[in-house]
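Okay, structure first, notes after.
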(Lines of atoms letter the chains of each structure in order from A and count residues from 1; the text may use other names and numbers.)
(Lines give C-alpha, C1' and ligand atoms only; values in the text may rest on other atoms or scores of the structure.)
Protein backbone atom coordinates (compact mmCIF):
# COMPACT_ATOMS: atom_id res chain seq x y z
CA UNK A 1 0.00 0.00 0.00
CA UNK A 2 1.34 3.41 -0.95
CA UNK A 3 1.80 5.39 2.27
CA UNK A 4 3.13 8.69 0.92
CA UNK A 5 0.98 11.60 2.10
CA UNK A 6 2.15 14.03 -0.57
CA UNK A 7 3.34 13.90 -4.16
CA UNK A 8 5.01 16.58 -6.23
CA UNK A 9 3.02 18.63 -8.72
CA UNK A 10 5.12 17.16 -11.52
CA UNK A 11 4.26 13.59 -10.50
CA UNK A 12 0.56 14.41 -10.13
CA UNK A 13 0.46 15.96 -13.60
CA UNK A 14 2.10 12.85 -15.11
CA UNK A 15 -0.47 10.60 -13.42
CA UNK A 16 -3.39 12.71 -14.65
CA UNK A 17 -1.96 12.77 -18.17
CA UNK A 18 -1.62 8.96 -18.12
CA UNK A 19 -5.22 8.54 -16.89
CA UNK A 20 -6.50 10.91 -19.57
CA UNK A 21 -4.66 9.04 -22.34
CA UNK A 22 -5.31 5.45 -21.21
CA UNK A 23 -8.75 5.56 -19.66
CA UNK A 24 -12.29 6.62 -20.58
CA UNK A 25 -13.18 9.52 -18.31
CA UNK A 26 -16.88 10.30 -18.14
CA UNK A 27 -19.43 11.77 -15.74
CA UNK A 28 -18.34 12.50 -12.18
CA UNK A 29 -14.84 11.16 -12.82
CA UNK A 30 -14.25 13.81 -15.49
CA UNK A 31 -15.58 16.54 -13.19
CA UNK A 32 -13.28 15.35 -10.39
CA UNK A 33 -10.30 15.24 -12.74
CA UNK A 34 -11.03 18.78 -13.97
CA UNK A 35 -11.09 20.01 -10.35
CA UNK A 36 -7.73 18.34 -9.68
CA UNK A 37 -6.24 20.04 -12.73
CA UNK A 38 -7.52 23.44 -11.57
CA UNK A 39 -6.01 22.83 -8.14
CA UNK A 40 -2.66 21.81 -9.60
CA UNK A 41 -2.58 24.87 -11.87
CA UNK A 42 -3.57 27.28 -9.10
CA UNK A 43 -1.38 29.28 -6.73
CA UNK A 44 -2.42 27.27 -3.64
CA UNK A 45 0.54 26.06 -1.61
CA UNK A 46 0.31 24.03 1.61
CA UNK A 47 3.20 24.25 4.06
CA UNK A 48 3.22 21.68 6.86
CA UNK A 49 3.80 22.99 10.40
CA UNK A 50 6.70 20.87 11.64
CA UNK A 51 6.93 22.15 15.19
CA UNK A 52 4.90 24.23 17.64
CA UNK A 53 6.69 25.60 20.71
CA UNK A 54 5.35 27.49 23.70
CA UNK A 55 6.98 30.88 24.28
CA UNK A 56 6.56 33.11 27.34
CA UNK A 57 4.51 36.15 26.33
CA UNK A 58 2.43 38.23 28.73
CA UNK A 59 0.71 40.55 26.24
CA UNK A 60 -2.43 40.28 24.14
CA UNK A 61 -2.40 38.28 20.91
CA UNK A 62 -4.60 40.28 18.56
CA UNK A 63 -4.48 38.43 15.27
CA UNK A 64 -2.85 35.70 13.26
CA UNK A 65 -0.92 36.82 10.20
CA UNK A 66 0.66 34.73 7.46
CA UNK A 67 2.81 37.08 5.34
CA UNK A 68 2.21 36.89 1.60
CA UNK A 69 -1.19 35.17 1.51
CA UNK A 70 -2.84 35.89 4.89
CA UNK A 71 -4.45 32.44 4.56
CA UNK A 72 -4.23 29.60 7.05
CA UNK A 73 -6.09 26.52 8.29
CA UNK A 74 -7.67 26.67 11.73
CA UNK A 75 -9.79 24.52 14.03
CA UNK A 76 -9.84 20.83 14.99
CA UNK A 77 -11.60 20.13 11.70
CA UNK A 78 -9.41 22.35 9.47
CA UNK A 79 -11.19 25.29 7.85
CA UNK A 80 -9.41 27.54 5.34
CA UNK A 81 -9.36 31.05 6.81
CA UNK A 82 -8.38 34.25 5.06
CA UNK A 83 -7.47 37.36 7.01
CA UNK A 84 -8.42 40.14 4.59
CA UNK A 85 -8.83 43.01 7.06
CA UNK A 86 -12.26 43.95 5.66
CA UNK A 87 -15.78 42.59 5.48
CA UNK A 88 -16.81 39.69 3.30
CA UNK A 89 -19.35 36.88 3.11
CA UNK A 90 -19.85 33.80 5.25
CA UNK A 91 -22.35 31.00 5.83
CA UNK A 92 -23.78 29.60 9.05
CA UNK A 93 -26.36 26.91 9.76
CA UNK A 94 -29.51 28.32 11.37
CA UNK A 95 -33.27 28.09 10.80
CA UNK A 96 -34.00 31.81 11.14
CA UNK A 97 -32.26 35.17 11.41
CA UNK A 98 -32.92 35.24 15.15
CA UNK A 99 -31.31 31.82 15.65
CA UNK A 100 -28.38 32.87 13.48
CA UNK A 101 -27.68 35.95 15.60
CA UNK A 102 -28.15 33.88 18.76
CA UNK A 103 -25.47 31.43 17.63
CA UNK A 104 -23.09 34.24 16.70
CA UNK A 105 -23.43 35.97 20.08
CA UNK A 106 -23.19 32.74 22.13
CA UNK A 107 -20.12 30.62 23.03
CA UNK A 108 -17.79 29.70 21.45
CA UNK A 109 -18.00 32.60 18.93
CA UNK A 110 -19.17 35.29 21.37
CA UNK A 111 -19.55 38.02 18.75
CA UNK A 112 -20.46 41.26 20.48
CA UNK A 113 -24.01 42.50 19.65
CA UNK A 114 -22.40 45.83 18.70
CA UNK A 115 -20.79 44.11 15.66
CA UNK A 116 -23.99 42.51 14.32
CA UNK A 117 -24.93 45.60 12.19
CA UNK A 118 -21.64 45.13 10.30
CA UNK A 119 -23.47 42.31 8.50
CA UNK A 120 -25.74 44.64 6.59
CA UNK A 121 -27.50 41.89 4.60
CA UNK A 122 -28.53 38.36 5.62
CA UNK A 123 -30.05 35.61 3.46
CA UNK A 124 -31.83 32.37 4.36
CA UNK A 125 -31.42 29.54 1.83
CA UNK A 126 -33.23 26.22 2.38
CA UNK A 127 -34.20 22.99 0.67
CA UNK A 128 -37.91 23.26 -0.09
CA UNK A 129 -40.71 21.52 -1.97
CA UNK A 130 -41.33 23.23 -5.30
CA UNK A 131 -44.82 23.62 -6.84
CA UNK A 132 -44.17 20.81 -9.36
CA UNK A 133 -43.62 18.39 -6.46
CA UNK A 134 -39.82 18.03 -6.43
CA UNK A 135 -37.18 19.24 -4.00
CA UNK A 136 -34.99 22.26 -4.69
CA UNK A 137 -33.03 25.04 -3.01
CA UNK A 138 -34.42 28.53 -2.80
CA UNK A 139 -33.49 31.82 -1.17
CA UNK A 140 -36.50 32.11 1.16
CA UNK A 141 -35.86 35.46 2.83
CA UNK A 142 -33.55 38.46 2.50
CA UNK A 143 -33.16 40.98 5.33
CA UNK A 144 -31.26 44.20 5.88
CA UNK A 145 -29.72 44.48 9.34
CA UNK A 146 -30.51 47.91 10.74
CA UNK A 147 -29.26 47.13 14.26
CA UNK A 148 -28.96 44.30 16.75
CA UNK A 149 -32.46 42.84 17.03
CA UNK A 150 -33.82 45.10 14.27
CA UNK A 151 -34.11 43.39 10.88
CA UNK A 152 -35.90 44.69 7.79
CA UNK A 153 -37.47 42.03 5.52
CA UNK A 154 -36.93 42.98 1.86
CA UNK A 155 -37.60 39.83 -0.17
CA UNK A 156 -39.61 36.66 0.45
CA UNK A 157 -40.15 33.54 -1.64
CA UNK A 158 -43.71 32.55 -2.56
CA UNK A 159 -43.85 28.70 -2.43
CA UNK A 160 -47.14 28.55 -4.36
CA UNK A 161 -45.84 30.34 -7.46
CA UNK A 162 -42.08 29.76 -7.03
CA UNK A 163 -41.31 33.47 -7.38
CA UNK A 164 -39.67 36.08 -5.18
CA UNK A 165 -41.63 39.09 -3.97
CA UNK A 166 -40.38 42.47 -2.76
CA UNK A 167 -41.69 42.80 0.79
CA UNK A 168 -40.20 46.08 1.98
CA UNK A 169 -38.30 49.26 1.18
CA UNK A 170 -34.50 49.23 1.25
CA UNK A 171 -32.69 51.41 3.76
CA UNK A 172 -29.24 50.55 2.38
CA UNK A 173 -30.23 51.73 -1.09
CA UNK A 174 -31.02 55.16 0.34
CA UNK A 175 -27.63 55.26 2.07
CA UNK A 176 -25.84 54.27 -1.14
CA UNK A 177 -27.83 56.95 -2.98
CA UNK A 178 -26.60 59.63 -0.58
CA UNK A 179 -23.01 58.42 -0.75
CA UNK A 180 -22.86 58.24 -4.57
CA UNK A 181 -24.97 61.29 -5.30
CA UNK A 182 -27.38 59.27 -7.46
CA UNK A 183 -31.13 58.94 -7.03
CA UNK A 184 -32.70 55.73 -5.75
CA UNK A 185 -34.43 55.43 -9.13
CA UNK A 186 -31.07 55.46 -10.93
CA UNK A 187 -29.75 52.76 -8.60
CA UNK A 188 -32.85 50.63 -9.19
CA UNK A 189 -32.31 50.95 -12.95
CA UNK A 190 -28.72 49.80 -12.48
CA UNK A 191 -29.96 46.80 -10.47
CA UNK A 192 -32.31 45.90 -13.34
CA UNK A 193 -29.43 46.07 -15.83
CA UNK A 194 -27.33 43.76 -13.68
CA UNK A 195 -30.29 41.39 -13.28
CA UNK A 196 -30.49 41.15 -17.06
CA UNK A 197 -26.79 40.23 -17.30
CA UNK A 198 -27.19 37.60 -14.55
CA UNK A 199 -30.25 36.17 -16.32
CA UNK A 200 -28.20 35.97 -19.52
CA UNK A 201 -25.43 34.02 -17.75
CA UNK A 202 -27.99 31.59 -16.31
CA UNK A 203 -29.66 30.99 -19.68
CA UNK A 204 -26.29 30.55 -21.43
CA UNK A 205 -25.08 28.08 -18.80
CA UNK A 206 -22.17 30.27 -17.71
CA UNK A 207 -21.37 28.75 -14.31
CA UNK A 208 -17.61 28.31 -14.11
CA UNK A 209 -16.36 30.88 -11.59
CA UNK A 210 -13.63 32.08 -13.96
CA UNK A 211 -16.13 32.76 -16.75
CA UNK A 212 -18.52 34.46 -14.32
CA UNK A 213 -15.71 36.67 -12.97
CA UNK A 214 -14.61 37.59 -16.50
CA UNK A 215 -18.10 38.69 -17.56
CA UNK A 216 -18.69 40.65 -14.35
CA UNK A 217 -15.38 42.44 -14.86
CA UNK A 218 -16.35 43.16 -18.46
CA UNK A 219 -19.61 44.71 -17.25
CA UNK A 220 -17.69 47.04 -14.93
CA UNK A 221 -15.33 48.09 -17.72
CA UNK A 222 -17.66 48.09 -20.78
CA UNK A 223 -21.24 47.82 -19.49
CA UNK A 224 -23.02 49.00 -22.65
CA UNK A 225 -21.33 46.38 -24.81
CA UNK A 226 -22.10 43.44 -22.50
CA UNK A 227 -25.66 44.64 -21.85
CA UNK A 228 -26.40 44.82 -25.58
CA UNK A 229 -24.91 41.37 -26.11
CA UNK A 230 -26.98 39.91 -23.25
CA UNK A 231 -30.20 41.45 -24.56
CA UNK A 232 -29.48 40.26 -28.12
CA UNK A 233 -28.65 36.67 -27.14
CA UNK A 234 -31.60 36.38 -24.75
CA UNK A 235 -33.90 37.46 -27.57
CA UNK A 236 -32.35 34.79 -29.82
CA UNK A 237 -33.11 32.19 -27.13
CA UNK A 238 -36.73 33.33 -27.01
CA UNK A 239 -36.42 34.69 -23.47
CA UNK A 240 -38.63 37.69 -22.83
CA UNK A 241 -36.91 40.49 -20.93
CA UNK A 242 -38.29 43.79 -19.77
CA UNK A 243 -36.90 46.87 -21.46
CA UNK A 244 -34.23 48.58 -19.38
CA UNK A 245 -32.62 51.93 -19.97
CA UNK A 246 -29.11 51.74 -21.45
CA UNK A 247 -26.11 52.55 -19.31
CA UNK A 248 -25.77 56.35 -19.38
CA UNK A 249 -22.52 57.79 -20.62
CA UNK A 250 -20.82 60.47 -18.58
CA UNK A 251 -20.91 63.87 -20.29
CA UNK A 252 -17.92 65.04 -22.28
CA UNK A 253 -15.74 67.73 -20.79
CA UNK A 254 -17.08 71.13 -21.78
CA UNK A 255 -15.17 74.31 -22.47
CA UNK A 256 -16.89 75.91 -19.49
CA UNK A 257 -15.50 73.30 -17.10
CA UNK A 258 -12.12 73.12 -18.79
CA UNK A 259 -11.64 76.88 -18.77
CA UNK A 260 -11.00 76.90 -15.06
CA UNK A 261 -7.84 74.83 -15.53
CA UNK A 262 -6.82 76.32 -18.86
CA UNK A 263 -7.64 73.08 -20.72
CA UNK A 264 -9.95 72.67 -23.68
CA UNK A 265 -12.61 70.05 -24.31
CA UNK A 266 -11.33 66.78 -25.73
CA UNK A 267 -13.15 64.45 -28.15
CA UNK A 268 -14.16 61.00 -26.96
CA UNK A 269 -11.35 58.47 -27.29
CA UNK A 270 -11.54 55.26 -29.35
CA UNK A 271 -13.28 52.41 -27.58
CA UNK A 272 -10.13 50.36 -26.95
CA UNK A 273 -8.39 53.32 -25.28
CA UNK A 274 -11.47 54.04 -23.19
CA UNK A 275 -11.50 50.41 -22.07
CA UNK A 276 -7.96 50.73 -20.72
CA UNK A 277 -8.70 54.03 -18.96
CA UNK A 278 -11.93 52.67 -17.48
CA UNK A 279 -10.12 49.60 -16.15
CA UNK A 280 -7.44 51.73 -14.51
CA UNK A 281 -10.01 54.06 -12.95
CA UNK A 282 -12.06 51.13 -11.69
CA UNK A 283 -9.08 49.65 -9.86
CA UNK A 284 -7.62 52.76 -8.26
CA UNK A 285 -5.57 54.20 -11.13
CA UNK A 286 -2.78 51.62 -11.36
CA UNK A 287 -2.54 47.94 -12.36
CA UNK A 288 0.08 45.45 -13.42
CA UNK A 289 0.07 44.84 -17.17
CA UNK A 290 -1.30 41.29 -17.03
CA UNK A 291 -4.29 42.26 -14.88
CA UNK A 292 -4.93 45.39 -16.94
CA UNK A 293 -5.05 43.35 -20.14
CA UNK A 294 -7.54 40.94 -18.58
CA UNK A 295 -9.96 43.50 -17.15
CA UNK A 296 -9.83 45.74 -20.23
CA UNK A 297 -10.99 42.86 -22.40
CA UNK A 298 -8.34 43.61 -25.05
CA UNK A 299 -6.11 40.91 -26.47
CA UNK A 300 -2.69 40.74 -28.10
CA UNK A 301 -1.62 43.61 -30.33
CA UNK A 302 -4.87 45.53 -29.75
CA UNK A 303 -3.97 45.92 -26.08
CA UNK A 304 -0.45 47.18 -26.74
CA UNK A 305 -1.59 49.52 -29.54
CA UNK A 306 -4.12 51.13 -27.20
CA UNK A 307 -1.46 51.55 -24.51
CA UNK A 308 1.02 53.05 -26.97
CA UNK A 309 -1.52 55.63 -28.16
CA UNK A 310 -2.51 56.49 -24.59
CA UNK A 311 1.16 56.94 -23.67
CA UNK A 312 1.64 59.21 -26.70
CA UNK A 313 -1.34 61.28 -25.54
CA UNK A 314 0.26 61.55 -22.10
CA UNK A 315 -2.63 59.74 -20.41
CA UNK A 316 -0.83 56.68 -18.99
CA UNK A 317 2.71 56.09 -17.78
CA UNK A 318 4.62 52.87 -17.23
CA UNK A 319 5.40 51.87 -13.64
CA UNK A 320 7.00 49.05 -11.69
CA UNK A 321 4.42 47.18 -9.61
CA UNK A 322 4.74 44.21 -7.26
CA UNK A 323 2.45 41.17 -7.34
CA UNK A 324 3.02 38.62 -4.56
CA UNK A 325 6.35 40.30 -3.89
CA UNK A 326 7.53 39.97 -7.49
CA UNK A 327 8.24 42.99 -9.72
CA UNK A 328 5.89 43.39 -12.69
CA UNK A 329 5.47 45.92 -15.47
CA UNK A 330 2.48 48.12 -14.72
CA UNK A 331 0.67 51.23 -15.91
CA UNK A 332 -1.03 54.09 -14.11
CA UNK A 333 -3.14 57.09 -15.02
CA UNK A 334 -1.39 60.40 -15.56
CA UNK A 335 -2.78 63.66 -14.18
CA UNK A 336 -4.12 64.57 -17.63
CA UNK A 337 -6.21 61.37 -17.72
CA UNK A 338 -8.63 62.89 -15.21
CA UNK A 339 -9.77 65.31 -17.95
CA UNK A 340 -11.19 62.53 -20.12
CA UNK A 341 -14.83 61.58 -19.51
CA UNK A 342 -15.71 57.88 -19.57
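Numbering (this note's numbering), first residue to last: 2 to 343. Quick reminder that beta carbons are idealized off the backbone N, C-alpha and C, glycines included. Just so it is clear, the structure is predicted and the values come from calculations on it, not from any experiment.
As assigned by DSSP and simplified to three states, the class of residue i
i	result
residue 123	strand
residue 72	strand
residue 1	Here the chain has residues from 2 to 343 only, and residue 1 is not among them.
residue 298	coil
residue 209	coil
residue 26	coil
residue 54	coil
residue 309	helix
residue 182	coil
residue 8	coil
residue 243	coil
residue 346	Outside the displayed span of the chain (2 to 343) sits residue 346, for which this structure offers no information.
residue 36	helix
residue 279	helix
residue 18	helix
residue 172	coil
residue 293	helix
residue 224	helix
residue 188	helix
residue 269	coil
residue 49	coil
residue 60	coil
residue 13	helix
Buried/exposed call for residue i, threshold 16 Cβ in 10 Å
i	result
residue 82	exposed
residue 304	buried
residue 201	buried
residue 32	exposed
residue 41	exposed
residue 221	exposed
residue 103	exposed
residue 331	buried
residue 21	exposed
residue 117	buried
residue 334	buried
residue 107	exposed
residue 161	exposed
residue 52	exposed
residue 241	exposed
residue 366	Absent from the model: residue 366. The displayed extent of the chain is 2 to 343, so no value can be given.
residue 274	buried
residue 1	Past the boundaries of the shown model lies residue 1; the chain is included only from 2 to 343, so the question cannot be answered.
residue 294	buried
residue 18	exposed
residue 143	buried
residue 238	exposed
residue 262	Note that residue 262 scores 44 on pLDDT, short of 50, meaning its location in the model is unreliable and no value can be drawn from it.
residue 307	buried
residue 27	exposed
residue 232	buried
residue 281	buried
residue 194	buried
residue 171	buried
residue 131	exposed
residue 9	exposed
Counterpart residues of residue i in DSSP-defined beta bridges
i	result
residue 333	287, 318
residue 328	323
Presumed contact (8 Å Cβ cut-off) between residue i and residue j, rounded CB distance
i	j	result
residue 145	residue 173	5 Å
residue 228	residue 197	7 Å
residue 285	residue 223	About 18 Å separates the two Cβ atoms, so there is no contact after all.
residue 147	residue 139	Contact doesn't hold; Cβ gap of about 25 Å is too wide.
residue 316	residue 337	6 Å
residue 158	residue 141	5 Å
residue 367	residue 329	The shown model of the chain, from 2 to 343, leaves out residue 367, and the question about it has no answer.
residue 178	residue 167	About 17 Å; that fails the 8 Å criterion.
residue 93	residue 152	No, residue 93 and residue 152 are not in contact; Cβ-Cβ is about 15 Å, not under 8 Å.
residue 169	residue 155	5 Å
residue 277	residue 311	6 Å
residue 318	residue 218	Residue 318 to residue 218, Cβ: 23 Å. No contact.
residue 235	residue 204	6 Å
Which parts of the region 85-168 are runs of the alpha helix (DSSP H), unbroken and 4 residues or longer, counting only runs that do not cross its ends? 98-105
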